[in-house]
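**Student:**
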Amino acid sequence: MIDEAALRTAIGQVEDPEIHRSLAELNMLKELDINPDGSVRALVALTVAGCPLKDKLHNDVTQAARSVPGVTSVEVDFTVMTDEERAALTTTLTGGAETRQVTISPRTRVLTIASGKGGVGKSSVTTNLG
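Counting with my numbering, you get residues 147 to 276 for the letters of the sequence shown.
#1: How do the segment 220-228 and the segment 247-263 stand: do at least 3 beta-carbon pairs fall below 8 Å, yes or no?
#2: Do Val190 and Met174 count as a contact pair if the criterion is CB distance below 8 Å?
#3: Quick check for students: name the residue ranges of the alpha helix (DSSP H) that lie wholly in the segment 165-252, counting only runs of 4 or more.
#4: Quick one, are the C-beta atoms of Ala151 and Val214 less than 8 Å apart?
#5: Residue range of the alpha helix (DSSP H) that Leu275 falls in?
#6: Whose C-alpha, out of Ala156, Asn181, Gly267 and Asp162, is nearest the C-alpha of Asp201?
#7: So, at 8 Å on beta carbons, what are the nonlocal neighbours of Thr208 in its own chain, with the 5 sequence-adjacent residues on each side left out?
#8: Among the candidates Ile165, Leu172, Ala188 and Leu239, whose CA atom is the shortest distance from the CA of Arg212?
#9: Gly184 and Val160 look like a contact to me (Cβ under 8 Å); what is the Cβ gap, rounded to whole Å?
#10: Can you give me the C-alpha to C-alpha distance between Arg266 and Arg154, rounded to a whole angstrom?
#11: Figure out for me which residue from Val271, Ile250 and Leu239 has the closest Cα to the Cα of Leu169.
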C-alpha cells in the first residue's frame, strides 16, 4: 500500500526548473491517483502550454514518485494553468506587489536599428536620428 502523504510530499518537493520553487509551493500538483497495483498518475499544471523544460519536469516527477515504497509505475500528465491560477501564482511570486506599468505617450515614436553585421554604423545612425 502506497502512503499518499509520502507520495504527495515526494512529488511536491520537485522543483520547477524555470521558477526554482517546489511544485507544492507553486500549487502545480493538481491530481494524484494511486491504484492498488502500485501504479501512480500525477497531473501537473504547467505555467504555459509550450513549457521548454516539460521533459525535465516529467523526469523529475517520475523519479520522485518512484522513490516512494510501493510505487511500481508512474504516469505523468500535464495540463496548463488557467488565467486565474497564473494570476494567483504571479501574486505569490511577487509577494503581492503591484506590477508597474510603463506609460509611453501616444506621440512617442519608437524606432529599432539593427543589422546582422558588426561595424556598419548603427550607433552613428541612431545618434543622428535624435
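Quick reminder that beta carbons are idealized off the backbone N, C-alpha and C, glycines included.
Predicted model only: the values in this text are computed from it and were never measured.
**Tutor:** Let's see:
#1: no
#2: Locating residue 174 in the sequence shown gives position 28, counting from the first residue. Locating residue 190 in the sequence shown gives position 44, counting from the first residue. Yes, they are a contact pair.
#3: 169-172, 200-212 and 229-240
#4: As a working mapping, residue 151 is identified with position 5 in the sequence shown. As a working mapping, residue 214 is identified with position 68 in the sequence shown. No, the Cβ-Cβ distance between Ala151 and Val214 is not below 8 Å.
#5: For the purposes of this step, residue 275 is identified with residue 129 of the sequence shown, where counting begins at 1. From DSSP, the alpha helix (DSSP H) with Leu275 extends over Lys268 to Leu275.
#6: As a first step, residue 201 is located in the sequence shown; it is residue number 55 there, counting from the start. Among Ala156, Asn181, Gly267 and Asp162, the Cα nearest to that of Asp201 is on Asp162.
#7: Mapped onto the sequence shown, residue 208 falls at position 62. So the list reads Val220 and Val222, once near-sequence residues are dropped.
#8: Within the sequence shown, residue 212 is the residue found at index 66, counting from 1. It is Ala188 whose Cα lies nearest to the Cα of Arg212.
#9: Here residue 184 corresponds to residue number 38 of the sequence shown, with the count starting at 1. Here residue 160 corresponds to residue number 14 of the sequence shown, with the count starting at 1. About 20 Å; that fails the 8 Å criterion.
#10: Along the sequence shown, one-based indexing puts residue 266 at 120. Along the sequence shown, one-based indexing puts residue 154 at 8. A small correction: the amino acid at residue 266 is Val; Arg does not occupy that position in the sequence shown. So the two alpha carbons sit approximately 58 Å from each other.
#11: Taking the first residue of the sequence shown as position 1, residue 169 is located at position 23. Comparing Cα-Cα distances from Leu169 to each of Val271, Ile250 and Leu239, the minimum goes to Leu239.
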